[in-house]
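Residue numbers (this note's numbering), protein chains in the order written: chain A, 200 to 330; chain B, 31 to 271.
Backbone N, C-alpha and C fix where the C-beta goes; we use that ideal spot for every residue, glycine too.
Here the structure comes first, spelled out in structure tokens, and everything after it is commentary.
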Amino acid sequence: MAAPLGNLESQLELFIENVRQIRIIVSDFQPQGQNVLNQKIQGLVTGLQEIDKLKSQVQDIHVPLEVFDYIDQGKNPQLYTKDCIDKALTKNEEVKGKIDAYRKFKGNMLSELNRTFPNELAKYRAIRGDE
Amino acid sequence: MMSDQFRGKVEQYSPKSSPRGARSPVVSRQDSTGTLKTTISLGKNPSIVHSGPFYLMKEPPGESELTGARNLMAYYGLEHSYSKFSGKKLKEQLSSFLPNLPGVIDTPGDQDNSSLRSLIDKPPIGGKELLPLTSLQLSGFRLHPGPLPEQYRYINQAPQKKHHKKNKHKNKNKGETPTGLESTIIDIGGADTHEKKHKKQKRHDEEKEARKKRKKEKKRKKQKHSPEHSGGLTPSQHSNS
């Protein structure tokens, strides 16, 4: 999984670098720079072709849409990962708390029922098994 | 007289006086042994089947192997990621995640119409073959010599960043920069800036040298005048001479 992403990343970096260099060339254009500029523009097309070729390799990579919101707001997308981990951990603890509470409740309930209705509970246990 | 009559009528219907006590008279309760288990099925042929000692007893739900009672972070082997993100404080800006990206990238994307969300909302035209430009098409990119007008010059210009050295090094290693463009790696603004910087650095070095020389001379003079002066050279002077 890492190789296709790595390829795509390096291709995108090359493309961005190419655009950056074009920007430098045109920001103070010199007549002798026309050939270089033409090469760079052709380089853009080649770069796009290369990126397009890598499309098939990253078809099965899914990106959560919420990450885009973070990036669009100029935020570090790792903050999204951090938020997700924090949320998952909180939920995990919450559910574990609930499960523990229900388990305790069941234990208390059975002991109280045993005290009040010993015969019925014995029958219940006989049906349910050793719970 | 009237009230006595009324009381008599009420007591007739009162549950206290009912022969079955407070029980509903409709359903007869034959089972007094405590072995009631009833299955009630509705539909076309409703039926009541007595099959055990408890009402409403259902099969318990099947126990799943994985529940929230388990530490799921450990189960999925994400402890490393957890410690990575919870330990240190992450930098908020996008530029700290993509330090090598040129330009200002920390501003909201909808300001300059560069948001990723807009790519989803309005997908670009795709599916066409990408072909190199012909010489005729390239002639459309023929530019006039000279700098860009002022209003376009500083758009998206990257602010001075701390990691310039790293950037410079990376680019040098890659060797992708065309000749004559190295000067602009530090500042996108133009070649002049770097030249100025070079000059500045040169001047700085010269000043440093001069200062060193002056210091040395001062030291020599001092040694000449000091009573302990033996007329010999310092080890550094030795090596110099």
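- In this structure, A:Leu236 is the residue among A:Asn217, A:Leu236 and A:Ala202 with its C-alpha nearest to the C-alpha of Ser165 of chain B.
- Around the CB of Gln220 of chain A, 16 or more other CB atoms lie within 10 Å, so the residue is classed as buried.
- DSSP places Ser145 of chain B in the coil class of the three-state scheme, outside both helix and strand.
- CA-to-CA, the gap between Val257 of chain A and Glu292 of chain A works out to about 35 angstroms.
- The continuous alpha helix (DSSP H) containing Thr315 of chain A extends over residues Gln277 to Thr315.
- Listed by position along chain A, the residues whose Cβ is nearer than 7 angstroms to that of Leu72 of chain B form an empty set, because the closest Cβ is around 24 angstroms away.
- Among the residues facing chain A, His174 of chain B is included, as its CB has a counterpart in that chain under 9 angstroms away.
- Here the alpha carbon of Glu212 of chain A sits roughly 52 angstroms from the alpha carbon of Gly92 of chain B.
- In this structure, the beta-carbon distance from Ser116 of chain B to Asp285 of chain A falls below 9 angstroms.
- In this chain, His174 of chain B is not harboured by any alpha helix (DSSP H), its DSSP state being neither H nor E.
- If you look at Tyr112 of chain B, you'll find it in the alpha helix (DSSP H) that goes Glu109 to Gly117.
- Looking at the DSSP output, Phe228 of chain A shares a beta bridge with B:Gly176.
- Restricting attention to A:Ser226, A:Arg222 and A:Val218, the CA atom closest to the CA of Glu180 of chain B is found in A:Ser226.
- B:Asn101 is the residue among B:Asn75, B:Leu72 and B:Asn101 whose C-alpha sits nearest the C-alpha of Val294 of chain A.
- For the 9 angstroms CB-CB criterion, Asp271 of chain A and Arg147 of chain B form a contact.
- Residue pairing by DSSP puts Lys274 of chain A in a beta bridge opposite B:Gln123.
- Collapsing the DSSP output to three states places Ser94 of chain B in coil.
- By the C-beta density criterion, Pro132 of chain B is buried, having at least 16 other C-beta atoms within 10 angstroms.
- B:Arg172 is the residue among B:Leu160, B:Arg172 and B:Asn143 whose C-alpha sits nearest the C-alpha of Pro230 of chain A.
- By alpha-carbon distance to Leu168 of chain B, the top candidate from A:Gln238, A:Glu208, A:Leu207 and A:Glu216 is A:Gln238.
- Residue range Gln233 to Lys252 is occupied by the alpha helix (DSSP H) that includes Gln238 of chain A.
- With at least 16 other beta carbons inside 10 angstroms of its own, Leu124 of chain B counts as buried.
- Neighbours of Arg314 of chain A in chain B, taken as residues whose beta carbon is under 8 angstroms from its own, are absent, since the nearest beta carbon is some 17 angstroms off.
- Within the stretch 282-314 of chain A, contact with chain B at the beta-carbon level (separation under 8 angstroms) is assigned to Ile284, Asp285, Ala287, Leu288, Lys290, Asn291, Glu293, Val294, Lys295, Lys297, Ile298 and Asp299.
- Contact annotation, Glu249 of chain A with Gln210 of chain A: C-beta distance approximately 5 angstroms; criterion of less than 8 angstroms satisfied.
- With its beta carbon less than 9 angstroms from one in chain A, Gln123 of chain B belongs to the interface.
- DSSP places Met103 of chain B inside the alpha helix (DSSP H), whose first and last residues are Leu102 to Tyr105.
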